[in-house]
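See structure below.
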Amino acid sequence: MGNDLGDIYRDYIHCLNRQDWERLGQFVDDDVIHNDRPLGLSGYRDMLVGNFSDIPDLRFSIDLLVVDPPHVVSRLLFDCSPRAEFFGLPVNGRRVSFGENVFYRFRDGKIVQVWSIVDKAAIEAQL
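Take a look at the structure:
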């Protein structure tokens with residue numbers, strides 16, 4: 001099952017990068033929780049759509065992936081140009097590189113809970 005979750009997760013990241021919102025429900029549970037906030041699938045989708053709107057060149061790149069069912073832990077890397085303020089910082093279109101540490105809990109092959117921490121200090125150091 002560990003390799004299966006790794007494959008599911010990689011497919012999920014490909015889904016995000018393609019902005020294939022119709023397929024998001026194949027990877028994310030209807031009642032998903034993000035950072036202890038119950039968003040549900042539609043709220044989670046809205047969050048992601050907003051991210052791509054705010055960061056037109058957004059691309060998720062897996063740097064590190066650890067699978068320990070039912071959990072997946074990933075370090076994602078980003079090299080992008082947010083349009084305006086980003087995490088309260090005046091990025092305003094400048095290119096920034098940073099990481100995000102994300103912990104996922106899966107149930108029946110779908111993401112049911114996400115804990116995410118962005119390396120804001122790395123962004124601050126570039127401004």
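Heads up, the sequence shown is in UniProt numbering, so the first residue is 1 and it goes up one at a time.
Glycine included, each C-beta is placed from N, C-alpha and C at the ideal position.
- Boundaries of the beta strand (DSSP E) around Ser-97: 96-107.
- When DSSP states are grouped into helix, strand and coil, Ser-74 belongs to the strand group.
- According to the DSSP secondary-structure assignment, Trp-115 is paired through a beta bridge with Phe-103.
- Of the candidates Ile-123, Ile-111 and Ala-121, Ile-111 places its Cα closest to the Cα of Tyr-9.
- Apart from the 5 residues on each side of it in sequence, Leu-77 sits with its Cβ closer than 6 Å to the Cβ of Ser-61, Asp-63 and Gly-99 in its chain, given in chain order.
- Comparing alpha-carbon positions, the option among Gly-50, Asp-54 and Val-28 lying closest to Gly-40 turns out to be Val-28.
- For Asp-54, the enclosing alpha helix (DSSP H) begins and ends at 40-54.
- Secondary structure at Arg-83: coil, using DSSP grouped into helix, strand and coil.
- According to DSSP, residue pairing for Leu-89 in a beta bridge involves Phe-86.
- Counting of Cβ neighbours within 10 angstroms places Phe-86 among the buried residues, the total reaching 16 or more.
- For Cys-80 against Arg-95, the beta-carbon gap comes to about 7 Å, under 8 Å, which counts as contact.
- Going by C-alpha positions, Val-102 is about 19 Å away from Gly-25.
- For the pair Val-67 and Gly-6, the CB atoms are nearer than the 7 Å cut-off.
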